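Written below as structure tokens is the structure these notes are about.
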């Protein structure tokens with residue numbers, strides 16, 4: 002299994018940083034910032050218009066600039082069996 006690294010932006014400084022993805026769902030992405038005993042976990046939730054994900058860690062806001070639709074499409078591509086389990090019956 003390969004670790005997934007994504008780039009998030011610190012809104013205060015505008016700098017990008019690489020973070021490790023702990024879990025990824027369309028409604029929440031959990032990332033780990035830092036390494037070893039100094040690591041911190043952060044939950045990124047969709048913004049109001051669902052065009053990015055935002056979260057706060059140690060009083061700093063971070064943003065992941067991908068929409069909910071992009072993340073859902075990526076999850077569907079990585080595991081097509083999950084898409085079938087989500088289908089609704091009419």
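Numbering (the working numbering), first residue to last: 2 to 91. Using N, Cα and C, we set each Cβ at its ideal position, and we do this for glycine too. These figures come from a predicted structure and were not determined experimentally.
- For residue 52, the CB contacts under 6 Å within the same chain, skipping 5 residues up- and downstream, are 68 in chain order.
- Here residue 45 is buried, its C-beta having at least 16 other C-beta atoms within 10 Å.
- Taking the Cβ atoms as the reference, residue 22 lies roughly 11 Å from residue 43, outside the contact range of under 8 Å.
- Within the segment 42-79, the runs of alpha helix (DSSP H) that reach at least 4 residues and sit entirely inside it are, in chain order, 69-79.
- Residue pairing by DSSP places residue 29 opposite 26 in a beta bridge.
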